[in-house]
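> Position 93, counted from 1, in the sequence shown is what our numbering calls 138; the numbers after and before it change by one each time, with no gaps.
All C-beta atoms, glycine included, are put in the ideal place defined by N, C-alpha and C.
A single structure is presented below for examination.
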Amino acid sequence: MAAKFPKLYSWWMKYHGQWLVITVAFIIQALLLLIGYSHDPPKPYNETFWYQDKIILGCEFNIKTLSASLVMPLSLGFLCFIFSYMGKDLPKNYNEAKAITFCLLLLILTWIVFATEYSLYHGKYIQTLNALAVLSSLYCFLMWYFLPKCYIIIFQPEKNTPQYFQGLIQSYTKTISS
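Printed below as a string of structure tokens:
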């Protein structure tokens, strides 16, 4: 990215762009949630359409008022997926972009499956499915992003040095320029 847009990269580094993006995204998301929940708060309801003989309490919310607060994380997730996919052509020994791309792909697939289940299944186990979706998205990052790093730190400490990374970068630069 820095090679394609050097002025943008210098501005990004000068003004700490990553912290600005996180702060602005957090403020926008908080405002969207606050406006959505204050305009039309969720209401409890008894699920009698699917189960007439059972008492199943659910939470009814207006999807129109909360859709803006759902679009923000979705767009950030897809944006992160696109940028991490752009970085997949880095050296073979530097697999961080590939790991992030795979984690984000699993995250997107997990929530697509949950949204499908949520729209098709109406019952008392929907909260359990929601918890499983949250845990699955957390564990995909834990397993596919952090576990390989821990493996290198614990079992291959010689690969966890600045000299090793500098050597990888130099060999990659030589192969690109040749």
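Please state if the CB of S129 and the CB of T146 are separated by a distance shorter than 8 Å.
Yes, they are a contact pair.
> Tell me the DSSP secondary structure of E92 in three-state form.
If DSSP states are grouped into helix, strand and coil, E92 belongs with coil.
> Could you compute how far the alpha carbon of Q97 sits from the alpha carbon of A160?
Straight-line Cα distance between these residues: approximately 24 Å.
> Would you please state the rounded distance, in angstroms, between the beta carbons of C125 and L151? I believe it to be under 8 Å.
About 13 Å; that fails the 8 Å criterion.
> Quick test of your reading: E162 and L174, contact by CB under 8 Å. State the CB separation rounded to the nearest angstrom.
Right, the Cβ-Cβ distance comes to about 5 Å (below 8 Å), so this counts as a contact.
> Indicate whether the contact test is met: 3 or more Cβ pairs, each with one atom in the stretch 178-197 and one in the stretch 206-217, closer than 8 Å.
Touching, no, given that fewer than three Cβ pairs across the two stretches are closer than 8 Å.
> Which residues in the same chain as E92 place their Cβ atom closer than 6 Å to its Cβ, once the five residues preceding and following it in sequence are excluded?
Only I101, G103 meet the Cβ criterion.
> Could you please give the first and the last residue of the uninterrupted beta strand (DSSP E) stretch that includes E105?
Taken as a continuous stretch (DSSP letters only), the beta strand (DSSP E) holding E105 covers 102-105.
> So Q74 packs on M117, CB below 8 Å; how close in whole Å?
That belief holds up - the Cβ atoms of Q74 and M117 are roughly 5 Å apart, short of 8 Å.
> Quick one: what's got a C-beta closer than 7 Å to L111's C-beta in the same chain, skipping five residues either side?
G81, listed in sequence order.
> Does the distance from the CB of S114 to the CB of T155 come in under 8 Å?
No. Outside cutoff.
> Distance, Cα to Cα, G168 vs I108?
Answer to the nearest angstrom: the Cα atoms are 19 Å apart.
> Can you tell me whether DSSP reads Y166 as helix, strand or coil?
Coil at Y166, not helix or strand.
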